[in-house]
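Heads up, the sequence shown is in the working numbering, so the first residue is 1 and it goes up one at a time. Report on the structure given below.
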Amino acid sequence: MASDNAVDCLIIGAGISGINAAYRFQSRFPDSTYTILDARSELGGTWSFFKYPGLRSDSDLYTFGFPWNPWDEDREIATAPAILSYLHQSCEKFGIDRHIRYQHFVRELHWKSDLQRWQATVVKGGGADQPDSEGDGKEELTYYARYLVLGTGYYDYHTPLQTTVPGLEHFKGTIIHPQFWDTSLSTDDKKVAIIGSGATAVTLLPTLSETAEKVTMIQRSPGYFFTPPLQDWFNAQARRWLPSWISQRIMRWRMIALNLFLIQLCWWFPQRASNILKSATAQLLPKETTLTMEKDFSPTYTPMQQRLCICPGGDFFEALRRGKADIVTGPIASVEPHGVRMQDGRLVEADILVTATGLKINVGGHARVLVDGEEVNVHDKFVWKGTMVQDVPNLAIVIGYVDHPWTLGADATSRLFTRIIAAVEKRGATSVTPCLSEEEKRTVKDVPYIAINSTYLKAAREKGCFPRGGDRGPWVPRHNYLKDHWAAEWGGFGGLVFGKQSAD
């Protein structure tokens, strides 16, 4: 099928997942062709889309970065501009940028057995990331590919999580959601109230407190905090005394091991982990404060039932100690013209109200997926080894970790999928499809694809925004990087059906 728009592999999304998938594909198949399509006008995904103050990683960059282009900066927790620069540098260094097509919104993905190809219907042109809008210069294109990778992440860029805040319409000041932050907004000498207590709120508070008169985080209930150092002593010594190619590998695997240890500690010894985290938090609180551990820092759940709030260098608590920030815990009665009234009667005065109430999940992007004319909802399907969608040929869906650094899971998916492609080629097949056996159809039970119960993830599960996880076999969701690393490199292909059919 000779065409500029016919490739061996089509990758949707030019964020971390798509960039990594591209590298893994071109490394394993240097003579094959691929294209990356992105609806926006810049690569980077999350790191170029979100603009709110203080945006940073909540994982160290030795594990969040690419293993094939190791992070080489002293600062282990990086800001969004630094991460975006790193992504650009990674793409340019390995020629990935030449394969990206911007302002290409994928409207439909259709597997056609007669062609043994994916057919992608794409809208190209200004405002392509808003496909329903009217825009000059738009055109519809068709791409064909033998293999398809959905590297779209899991946030909905168009719509945040819809949350009801009573009386919000009465507020006379500025209301802003972090997902659509106005970079021209000044918080200088303003009173800012942040509704929410997740990662976004914990990131915003110390940054806004640098110039605002006062920043108050309003939380319905407390969460756990983890305060890693800005620079790890061991890693600093490794960088100082060892050649970079050695130190980078040591630092990466050391941080992987530390992450696994922390997560397993939380799962296996939840009460012990809870006590350790709360004890560390107590040491960081201001000496003179109305905040209490019992009310403001003692969650009703155990660690890792929801994500830990990461505070690099303890910047969140430094803002509290400086008196520029505060926390108010409890249910909201109503928003008033000049602040937020709590049910206990307290009024949190505010000129600016930040609704950091969560992000909407959208796994797989906005494109319709069809197999031979029949629409497939990927959220109704199981996922094979965290990589391929049940009953859908030649397609990988990249869902990184939520409780580990995202990129570790994304890379495990891409390495496994390229190994599967190699197996297809070696067998002389033209397709590979994950299928439940007859016994599995009767016995496999549903489990949450992501077990963490954060509000936005819980809402996504209730609305069916995640694929299905199974309780056995290759349909079990991934939770352990060491197991997934082994599976990506050496695991079997049980549950996959290889097919051979001549394209018409």
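Beta carbons: idealized from backbone N, C-alpha and C, even for Gly. Note that the structure is a prediction, hence the values are computed from the model and not measured.
Cβ of residue i within 8 angstroms of Cβ of residue j?
i, j, result
"I397", "V378", "yes"
"K324", "S209", "yes"
"H88", "L43", "yes"
"T207", "G54", "yes"
"Y143", "I361", "no"
"S221", "T300", "yes"
"P467", "Y481", "no"
"A6", "I96", "no"
"R252", "F234", "no"
"K381", "V363", "no"
"E139", "A367", "no"
"L205", "I194", "yes"
"Q237", "R75", "no"
"V340", "A356", "no"
"L436", "Q390", "yes"
"I12", "G153", "no"
"I36", "I100", "yes"
"V371", "W111", "yes"
"D302", "S274", "Note on residue identity: the sequence assigns Thr, not Asp, to residue 302. Cβ distance < 8 angstroms, so T302 and S274 count as in contact."
"L408", "A487", "no"
"K124", "P337", "no"
"V335", "L168", "yes"
"L61", "A80", "no"
Helix, strand or coil for residue i? Go by DSSP, reduced to three states.
i, result
"Q444", "Sequence inspection shows Val at residue 444; the Gln mentioned does not correspond to that position. In the structure shown, V444 sits in coil (DSSP, three-state: anything other than H, G, I, E or B)."
"A128", "Residue confidence is low: A128 scores 46 on pLDDT, short of 50, so the model does not pin down where it sits. No coordinate-derived value is stated."
"G339", "strand"
"A273", "helix"
"S431", "strand"
"I36", "strand"
"D411", "helix"
"N5", "coil"
"E73", "coil"
"E92", "helix"
"F66", "strand"
"A120", "strand"
"K112", "strand"
"F29", "coil"
"V314", "Note that residue 314 is Gly in the sequence shown here, rather than Val. G314: helix per DSSP, three-state reduction."
"T79", "strand"
"F226", "strand"
"R307", "coil"
"L496", "strand"
"F50", "coil"
"L55", "coil"
Should residue i go down as buried or exposed, given a rule of 16 or more other Cβ atoms within 10 Å for buried?
i, result
"W71", "buried"
"K93", "exposed"
"D188", "exposed"
"S57", "buried"
"G494", "exposed"
"K214", "buried"
"A128", "Summary for A128: the model assigns pLDDT 46, below 50, so the residue's position carries little reliability, and this model does not support an answer."
"L347", "exposed"
"T413", "buried"
"V149", "buried"
"F261", "exposed"
"P405", "buried"
"T200", "buried"
"H170", "exposed"
"W268", "exposed"
"G470", "buried"
"I592", "Any question about residue 592 goes unanswered here, given that the chain covers just 1 to 504."
Under 8 angstroms by Cβ, that's how I've got residue i and residue j pegged, so tell me the actual separation to the nearest angstrom.
i, j, result
"F64", "S90", "In fact, because the Cβ distance is near 12 angstroms, the residues do not count as touching under 8 angstroms."
"R461", "V444", "R461 to V444, Cβ: 18 angstroms. No contact."
"C9", "S27", "The pair is not a contact, with the Cβ atoms about 12 angstroms apart (cut-off 8 angstroms)."
"T216", "V328", "6 angstroms"
"F507", "L277", "Any property of residue 507 remains undetermined from this structure, which presents the chain solely from 1 to 504."
"Q179", "L457", "With a Cβ gap of about 16 angstroms, Q179 and L457 do not count as contacting."
"I452", "M304", "7 angstroms"
"C309", "G223", "5 angstroms"
"V447", "P477", "7 angstroms"
"Q116", "T433", "Between T433 and Q116 the Cβ distance is about 12 angstroms, and since that is not below 8 angstroms, they are no contact."
"I332", "I218", "7 angstroms"
"W505", "A145", "Coverage of the chain is limited to positions 1 through 504, which leaves residue 505 absent and any answer about it impossible."
Verify the CB distance criterion: does residue i have a CB-CB separation below 8 angstroms to chain C?
i, result
"H88", "Among the protein chains of the structure shown there is no chain C, as only one such chain exists."
Practice item. Go through the region 139-220 residue by residue and report every complete run of the alpha helix (DSSP H) that reaches 4 residues or more, in order. Key: At a cut-off of 4 residues, the continuous stretches assigned as alpha helix (DSSP H) that sit fully inside the region 139-220 are 199-208.
Check your understanding: Fully enclosed by the region 319-406, which beta strand (DSSP E) runs are 3 residues long or longer?
Key -> Qualifying beta strand (DSSP E) stretches, in chain order: 325-329, 332-336, 339-342, 347-349, 352-355, 368-371, 374-376, 395-397.
Practice item. May I have a chain-ordered list of the alpha helix (DSSP H) segments no shorter than 4 residues that lie completely inside the region 436-489? Key: The region 436-489 contains these whole alpha helix (DSSP H) runs: 438-443, 455-462.
Point to revise | Contiguous alpha helix (DSSP H) assignments of at least 4 residues, all confined to the region 256-305 | key: Annotation: the region 256-305 contains the following complete segments of the alpha helix (DSSP H) (minimum length 4 residues), in chain order: 270-282, 293-296.
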